[in-house]
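Going down the list, the protein sequences come from chains V and B. By the numbering used here, the letter at position 125 of the first sequence is numbered 125, and the numbering carries on one by one without gaps. By the numbering used here, the letter at position 193 of the second sequence is numbered 501, and the numbering carries on one by one without gaps. A virtual CB, placed ideally from N, CA and C, is assigned to each residue, including glycine. Structure first, commentary second.
2 protein chains.
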Amino acid sequence: MRERHLVKDLAAMKDGPVVLGGWVEKLRDQKRIQFIILRDESGDVQVTYPRPADEDALADKVSTLTNGSFIWVKGRLVHDERVKLGGLEIQLDDLEIVTLSEPETPIADDTSIDKRLDWRFLDMRRPEMNLVFKVQTTIEAAWRSYWLENGFTEIHSPKLMASASESNAELFKLEYFEGFAYLAQSPQFYKQMAMMAGLGRIFEIGPVFRADPSFTSRHATEFTSVDMEVSWIDSHEDVMNIQEELMVAAISAVKESHGEEIKRLFDIDVIVPSRPFPRIPLADAVDIVKARGHEVVRGGDMDPEGER
Amino acid sequence: MRERHLVKDLAAMKDGPVVLGGWVEKLRDQKRIQFIILRDESGDVQVTYPRPADEDALADKVSTLTNGSFIWVKGRLVHDERVKLGGLEIQLDDLEIVTLSEPETPIADDTSIDKRLDWRFLDMRRPEMNLVFKVQTTIEAAWRSYWLENGFTEIHSPKLMASASESNAELFKLEYFEGFAYLAQSPQFYKQMAMMAGLGRIFEIGPVFRADPSFTSRHATEFTSVDMEVSWIDSHEDVMNIQEELMVAAISAVKESHGEEIKRLFDIDVIVPSRPFPRIPLADAVDIVKARGHEVVRGGDMDPEGER
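Below, the structure is given as structure tokens:
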């Protein structure tokens with residue numbers, strides 16, 4: 001694999017030769033000097049090239065660059081406090097264009113969500129969007145560490161089933177050779193069978209499918225479900241305690257790995273909650289919601305509007 | 309959560325009171341003494357109760373036990389070298405029956421695979437079957453450690469798609485409200501879009517679906533796919549190197565965590581391969597297979613029979 005330096009590692013490196021790979025975030029093609037803002041999966045850095053007085057092949061190459069083009073950059077790292085972008089600069093020695101982008105980008109920061117989803121892979125290059133996937137990876141890793149340290153076994157339960165796993169209402173049906181199959185709405189059956197099988201404690205992170213036509217963020221036809229099942233508990237208190245520990249583990253890990261970036265990009269301080277969390281009996285929750293003027297149907301669960 | 313000791317931890321504990329939860333693997337209900345072999349998710353241990361001369365409620369309770377029943381056991385741990393099962397014994401003080409099993413078990417060790425799959429949750433209680441899930445958990449954890457240490461991001465790509473991800477031949481089609489959707493045969497599109505989105509290196513472990521009617525172990529309609537995608541490589545050599553590192557990481561972890569149990573249950577020594585693995589060019593592989601009398605169609609990939 002070609003040696004490649006990541007932008008996030010440059011600050012700790014000494015001045016000297018580096019090789020970077022990433023895409024052109026911005027180009028400022030001036031008469032005397034050219035600037036490329038280069039972004040890779042870890043951050044962005046300024047690349048500079050003082051344009052020679054005479055005809056120059058490298059300067060011409062830089063001029064052809066379009067936003068979003070993927071390039072290899074060979075240069076010399078220089079720490080310089082005057083540079084706004086992290087106090088670092090790459091002085092360009094050589095440039096290799098991997099792929100030149102179309103000069104017109106179909107989306108901008110103020111493009112509507114629908115159109116941004118049409119160009120999802122471009123939208124994801126925005127640091128705010130990209131960070132979502134990094135945070136998700138961190139959360140999942142924190143949960144898995146918790147589970148593995150606490151003796152859980154991982155399962156991958158079937159998604160094609162011969163019958164419904166929950167109600168028939170939300171079922172996706174598909175042609176399965178001569179017959180039909182259904183998509184799992186939940187790993188519930190398999191989780192419980194894993195307990196009977198003597199695994200004791202299991203977890204699964206995987207897709208489930210619900211043929212529910214509602215258009216709220218609570219009702220997606222497909223979502224990634226985080227499931228666990230625990231044998232030998234005394235009561236729901238045990239489950240609530242594990243849930244609290246999982247939440248604290250996840251938020252602690254996010255704060256540690258991404259706290260600064262979340263602050264910078266979203267101006268949000270990540271706060272790790274302390275345990276035990278406040279617990280509000282359903283009857284009290286109903287009273288609170290009623291006091292704020294919302295009608296709750298007597299005896300049932302809280303409705304979505306009330307939960308908000 | 310009720311305090312509970314796992315069988316695997318008993319050997320390191322001092323003699324004294326313990327609480328165990330698990331199922332009855334075997335009962336020997338003798339005139340003078342009763343033996344229960346109790347198994348939990350971590351191993352099995354012998355529980356003994358010297359039957360008193362007079363009527364005794366606890367002895368009667370033990371007598372009602374059937375194989376597979378889930379029980380809580382309160383007793384005193386005694387290290388005793390004469391006990392075959394790990395040199396440990398639990399002297400019974402109290403017994404709580406969580407669930408009493410039907411006395412007849414529908415499967416035995418020599419039952420056919422079809423019938424065992426009909427009673428999968430019972431079959432999985434066999435240590436050989438149960439171990440499969442522990443090993444799978446260990447392998448997946450080893451891969452994830454490798455990926456996270458090497459800057460990979462995890463994705464969960466959609467399984468419901470509007471069109472085929474590979475050929476149309478192996479496609480499952482399902483009714484999706486007014487229209488149709490298809491089950492993903494591979495996360496290929498999404499992996500590649502994640503590269504374009506600038507994630508750089510990603511992995512995904514999740515189900516994929518192939519409507520392939522073949523009945524070989526190479527063709528399942530649903531399987532758990534282990535996927536990764538890496539940007540900025542020079543050649544297939546980079547991918548082969550990563551694959552080798554993943555294999556070594558997985559097998560090392562399995563040897564460390566389960567090597568002894570695999571030896572005991574299957575009489576197999578887990579051997580960690582050394583890198584680099586031998587690499588055989590396709591042309592040479594074809595020659596080797598031909599020399600053994602197998603016809604290979606010229607110019608194509610190796611056929612499944614030849615690979616064997």
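At least one CB of chain B lies nearer than 7 Å to the CB of residue 2 of chain V. Non-local C-beta neighbours of residue 535 of chain B in its own chain, meaning closer than 7 Å and more than five positions away in sequence, comprise 495, 499, 511, 512, ordered along the chain.
Sixteen is the threshold: when 16 or more other Cβ atoms of the shown chains lie within 10 Å of the Cβ of residue 506 of chain B, as they do, the residue is buried.
Between the alpha carbons of residue 440 of chain B and residue 446 of chain B lies a gap of roughly 10 Å. Listed along chain B are 309, 310, each with a C-beta nearer than 8 Å to that of residue 234 of chain V. The DSSP-derived three-state label of residue 574 of chain B is helix. Considering only beta carbons, the part of the stretch 319-342 of chain B lying closer than 7 Å to chain V consists of 329, 331, in chain order.
Here residue 362 of chain B is exposed, its C-beta having fewer than 16 other C-beta atoms within 10 Å. Annotation for residue 102 of chain V: no residue places its beta carbon closer than 6 Å to its own, counting only its chain and skipping 5 residues before and after. The Cβ of residue 86 of chain V sits no closer than 7 Å to any Cβ of chain B.
Contact with chain B is absent for residue 256 of chain V, since none of that chain's Cβ atoms lies less than 7 Å from the residue's Cβ. Looking at the DSSP output, residue 286 of chain V shares a beta bridge with no other residue. Annotation: Cβ neighbours of residue 452 of chain B in chain V (cutoff 8 Å, chain order): 141, 144. Between residue 326 of chain B and residue 313 of chain B, the C-beta spacing is below 7 Å. In the DSSP assignment, residue 1 of chain V falls outside any alpha helix (DSSP H), carrying neither H nor E. Annotation: the continuous alpha helix (DSSP H) that includes residue 145 of chain V extends over 127-149.
Annotation: the stretch 523-568 of chain B contains the following complete segments of the beta strand (DSSP E) (minimum length 3 residues), in chain order: 530-538. The stretch 538-558 of chain B makes no contact with the stretch 5-14 of chain V, as fewer than three CB pairs between them are under 8 Å.
Within the DSSP secondary-structure output, residue 469 of chain B pairs in a beta bridge with B:490. Residues of the stretch 149-174 of chain V that bring their beta carbon within less than 7 Å of a beta carbon in chain B comprise 153, 154, 155, 156, 158, 159, 160, 172, 173, 174, in sequence order. Annotation for residue 65 of chain V: no alpha helix (DSSP H) segment contains it, and DSSP assigns it neither H nor E.
Nearest C-alpha to residue 538 of chain B among B:372, B:356, B:546: B:546. Using a Cβ-Cβ cut-off of 7 Å, residue 442 of chain B counts as an interface residue toward chain V, since at least one Cβ of chain V sits closer than that to its own.
Only 70, 72 from the stretch 59-90 of chain V bring a Cβ to less than 9 Å from some Cβ of chain B. Contact between residue 206 of chain V and residue 514 of chain B holds, since their C-beta atoms are separated by about 6 Å, short of 8 Å. Taking a Cβ-Cβ cut-off of 7 Å, the neighbours of residue 222 of chain V in chain B comprise 466, 467, 468, given in sequence order.
Rounded to whole angstroms, residue 454 of chain B and residue 557 of chain B show a C-alpha spacing of 7 Å. For chain B, the residues of the stretch 189-208 of chain V that bring a beta carbon within less than 7 Å of one of its beta carbons are 193, 196, 197, 198, 199, 200, 206, 207, in chain order. Excluding the 5 residues flanking it on each side, residue 212 of chain V has same chain C-beta neighbours closer than 6 Å at 170, 219, in chain order.
Beyond the five residues adjoining it in sequence on each side, residue 40 of chain V comes within less than 7 Å, by CB distance, of 6, 7, 20, 21, 22 in the same chain, given in chain order. Where residue 118 of chain V is concerned, the enclosing alpha helix (DSSP H) starts and stops at 113-118.
Contact between the stretch 117-130 of chain V and the stretch 91-108 of chain V is present: three or more C-beta pairs spanning the two stretches fall below 8 Å. For the C-beta of residue 118 of chain V, not a single chain B residue is nearer than 9 Å; the gap to the nearest is close to 12 Å. Ranked by how close their Cα comes to the Cα of residue 270 of chain V, the residues V:247, V:287, V:283 have V:247 in first place. Residue 162 of chain V counts as exposed, since fewer than 16 other C-beta atoms from the protein chains shown sit within 10 angstroms of its C-beta. Contacts with chain B at 7 Å (Cβ-Cβ) do not include residue 228 of chain V.
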